[in-house]
Amino acid sequence: MNAAFRHTHSRGRLNNALLLSFLGAILIAPLASADNRILLTHGNQTEHSGDFRGIVDLIIDPGFEHASVEVSVDGQKLITGLRAPYRVSVDLGPTAVQHKISIAATDANGRRVRWNETINRGNLPLSVKLKAVDPGAGLFEVLTTAPKTDPIALVEVWDAGEVVASATSKPYRLTVPRHVVNSGFIQVTAKTTSGEEAADFWSAAGNIHVEEMQVRTVPIFVSVVDRNGVTQDNVDRSMFRILDKGAETTIVEFGKAFDQPISIALLIDASASMTYSMTHAVKAAREFVQNALKPGDRASVTAIHDVPRRRQSLTDDHAAVGKAIDGIEPEGKTALYDGLQSAIRELREEKNRRAIVVLTDGGDTSSMWSYQEIQKLAGESGIPTYFIAYEGEGIGDGVRDIEKLRFLANQTGGFVATATQQNLMARYGDIERDLRAQFAIKYEVSDFGKSNEWRPVRVVIASPKLSARTIQGYFTP
C-alpha cells in the first residue's frame, strides 16, 4: 500500500495566512502591487497571465449587488460572508505555483452562483509520492512535481533519522536496504534548490476497508522534537500521520494539550546513595512542582527506599505536595521497579493526562518486580515516563542500568535526561516544557477485530528534521 501524504512549506504558509487575510479583509487588507491584483468576474473567466506570488489582492465581481461571497484557495476556505467591496488578500508564498480559486456568491433572494479560476496554470506545486516497484528487491520509484522556477535538487529515503538512499536526477529509482523494507515503513523527502521540502511514506500494511470493520477512536498525546532534542509546539496538523498496526489512520481531533489538566506521579530516589545529594534533589523537585503544576493539575509523591513509600497520594493541593517532598530523608536500598509499578497502578484510572517523573541515581537493587515485568506493565499502561538519571556527589560511576531506563521511557513516549547538581533544575524544566508542548490527538481505527490485541503505534512527522515521541502501542479493550 502507498499511504501517501504531502506537505510543502508554501502550502503551510498559505494555511498560516488564512486568518491574517481574514482579518485584513474585515479591517483593511494590505495593498498589493498592481501586478499582484486578480480580478475574478462571474461569467467572464479569463486566463490570468503572470506569475502570482506573495501578497495578492483578489477582487471579486459576482455579477449582482448585495452579495455575500465565500472564497476558497486550493480547497481551503479563506473567508465567508464577504460584503462589498469584494476584496480579500492572501499570501501565496514566495514561489509562483498553480492555485485553484473557488468563488461562491449569494444574493438577498437566495440566488447563488459558483465558479473556479486557476492562476499560475501548469506551474505545479512541490509534491512527492513514493511508489513500490519491487519491494522484495527493495526497488522503489519516487514521483515528483515542482515549480519551474524551483526544481527538485535531491530525493532521499530516511530511516531512524539517517539517509539510506538518495538520488539527484530523474528517474528517481532507489534501492532501499532490506532491513528498512522489512520494517514495513519507508519515508522519502524531496527537496528543491531553494530548500523547500515535501515528504511521503510507504507502508506495507495494505488498505483497510472501513465498511467491513468496527470503527473506534484512540486518544494519544504526542511530543515533537527537532534534531537537537528541543521540543516544538508549532507543528501544523497537516504534518502528522499516524500508523496503527502499520496502517494509516484518520485524525479526527487535534489540538495542543497545554490547557488540559495533568496528573503526575513524582518518584524520588531516597536510598542511602542519595545522602550527599538529597538536599539539592528535594529543592529541585519542589521547584518542579511549583513551576509545572497549574490549577486543576494533580500530583503524588513517592519516596523510593527498600520499598516505595507514598508520602502524598494524588491531590490538587499543591502545598501538600511540596510539604511531602520536603520531608524526604535518604535511607536503605532502591526499589525502583516496585516504585514504577505503584505509580502505574495509582494513575491507571486517572482521566487527566498522565505522566510519571522519576529521579534516580542508580539501578534497581531491592524490587520484587522484575525488569521484564515492569517493561510489560509500562508498555500496557501508555503513561509517559520520564527519568532524570542523577550523577551526584559520592555516587561513583554514576547511574547504572541507564539503557533499561531509556527503553522504558521510549516505549511510553518519555525520555531520559542525565543530570548533575549544577543542571538538575534545568532537567526538570525540560520535562515540564515537554509535557506542556504535547499535542492531543484522537484518531480513528477501522479494524478493531480482536480484544486484548497488542497494536503498535507510530506517529510520523512530514519532515526528517522532526521526530515524534508517543506510546509504542496499546492493547485493545
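Letter 207 of the sequence shown, counting from 1, is numbered 1222 in our numbering, and no numbers are missing. Built from N, CA and C at the ideal position, the CB exists for glycine as well. Remember, predicted model here, so these are calculated numbers, not experimental data.
Taking the straight line between their C-alpha atoms, what separation do you get for R1242 and E1177? Counting only the Cα atoms, E1177 lies some 11 Å from R1242.
Please report the residue range of the alpha helix (DSSP H) in which Q1426 lies. For Q1426, the uninterrupted alpha helix (DSSP H) run begins and ends at I1417 to T1427, by DSSP.
Got a sec? Which residues, its chain only, sit under 7 Å from G1514 by beta carbon, not counting five neighbours each side? Because the chain is modelled from 1016 through 1492, residue 1514 falls outside the range shown and cannot be assessed.
Is DSSP giving F1430 helix, strand or coil here? In the displayed model, F1430 falls within coil according to three-state DSSP, outside both helix and strand.
Let me know the secondary structure DSSP gives L1362 once reduced to three states. Three-state DSSP puts L1362 in a helix.
At least three beta-carbon pairs within less than 8 Å, the stretch 1113-1128 to the stretch 1163-1173: Result no; under three Cβ-Cβ pairs closer than 8 Å.
Please report how far the alpha carbon of G1377 lies from the alpha carbon of T1433, in whole angstroms. Those two C-alpha atoms are separated by around 12 Å.
Extent of the continuous beta strand (DSSP E) to which Q1091 belongs: Counting along the chain, the beta strand (DSSP E) containing Q1091 begins and ends at Q1091 to L1097.
If contacts are defined as beta-carbon pairs under 8 Å, then I1389 and L1282 qualify, I think. What distance do you get, rounded to the angstrom? The beta-carbon separation of I1389 and L1282, rounded to 12 Å, does not stay under the 8 Å limit for a contact.
Is the separation between the beta-carbon of S1104 and that of D1066 shorter than 8 Å? It is not a contact, given that the beta carbons lie outside the stated cut-off.
Taking the DSSP output, what are the residues bridged to F1256? A small correction: the amino acid at residue 1256 is Arg; Phe does not occupy that position in the sequence shown. Partner(s): V1475.
Assigned exposure category for Y1291 - 16 Cβ within 10 Å defines buried: Looking at its Cβ environment, which holds fewer than 16 other Cβ atoms inside 10 Å, Y1291 is exposed.
Three or more C-beta pairs closer than 8 Å, one from the stretch 1198-1215 and one from the stretch 1437-1444: is that the case here? The stretch 1198-1215 is not in contact with the stretch 1437-1444.
Hey, how far is the Cα of Q1275 from the Cα of V1475? Taking the straight line joining both Cα atoms gives about 23 Å.
Could you tell me which residues DSSP puts in a beta bridge with R1127? In the DSSP assignment, the residues bridged to R1127 are T1121.
Does the distance from the C-beta atom of Q1356 to that of Q1426 stay below 8 Å? Cβ distance not < 8 Å, so Q1356 and Q1426 don't count as in contact.
May I ask whether a heavy atom of the ligand ZN can be found less than 7 Å away from the beta carbon of T1121? Among the ligands in the structure shown, none appear at all, so the ligand ZN cannot be discussed.
Assign H1114 to one of three DSSP states: helix, strand, or coil. Under the three-state reduction of DSSP, H1114 is assigned to strand.
By the 10 Å Cβ neighbour count, where 16 or more other Cβ atoms means buried, how is A1123 classified, buried or exposed? Counting Cβ neighbours within 10 Å, A1123 comes out exposed, since fewer than 16 surround it.
Whether or not the stretch 1447-1456 and the stretch 1243-1262 are in contact is what I'm after, with contact meaning three or more pairs of Cβ atoms, one per stretch, closer than 8 Å; do they touch? Yes, since at least three Cβ pairs between the stretch 1243-1262 and the stretch 1447-1456 fall closer than 8 Å, the two stretches touch.
Every unbroken alpha helix (DSSP H) inside the stretch 1335-1390 [4 residues or more]: DSSP runs (the alpha helix (DSSP H)) wholly in the stretch 1335-1390: 1351-1362.
Rounding to the nearest angstrom, what Cα-Cα distance links V1191 and E1468 in this structure? When the Cα atoms are used, V1191 and E1468 turn out to be separated by approximately 31 Å.
V1373 versus I1403: straight-line alpha-carbon distance, rounded: Their backbone Cα atoms lie some 6 Å apart in a straight line.
Alpha carbon to alpha carbon, how far is V1128 from S1482? Give it in angstroms, no decimals. Linking S1482 to V1128 through their CA atoms gives a straight-line distance of about 45 Å.
Please determine, among K1144, A1334, P1234 and E1212, the residue with the shortest C-alpha to C-alpha distance to F1490. Measuring from the Cα of F1490, the nearest candidate turns out to be P1234.
Quickly, what does DSSP pair G1261 with across the bridge? List them, please. In DSSP, G1261 forms no bridge with anything.
Can you list, in chain order, the residues of its chain whose CB lies under 7 Å from that of S1478, leaving out five sequence neighbours each side? Excluding its 5 nearest sequence neighbours in each direction, S1478 has C-beta neighbours in its own chain below 7 Å: E1212, A1214 and M1254, listed in chain order.
Determine the contact status of A1300 and I1359, defining contact as a CB-CB distance below 8 Å. Cβ atoms of A1300 and I1359: not closer than 8 Å.
F1430 to R1369 span [Cα, whole Å]: Each residue's alpha carbon lies about 15 Å from the other.
Give me, in chain order, the residues of the same chain whose beta-carbon lies closer than 6 Å to that of R1325; leave out the 5 immediate sequence neighbours on both sides. Counting only residues of its own chain and dropping the five nearest sequence neighbours on each side, R1325 has a CB closer than 6 Å to the CB of T1317.
Could you check which residue in V1250, N1138, G1125 and W1384 has the C-alpha nearest to that of V1112? A check of alpha carbon separations from V1112 across V1250, N1138, G1125 and W1384 identifies N1138 as the nearest.
Return helix, strand or coil for E1447, following the three-state DSSP convention. If DSSP states are grouped into helix, strand and coil, E1447 belongs with the helices.
Assign A1296 to one of three DSSP states: helix, strand, or coil. The three-state secondary structure of A1296, taken from DSSP, is helix.
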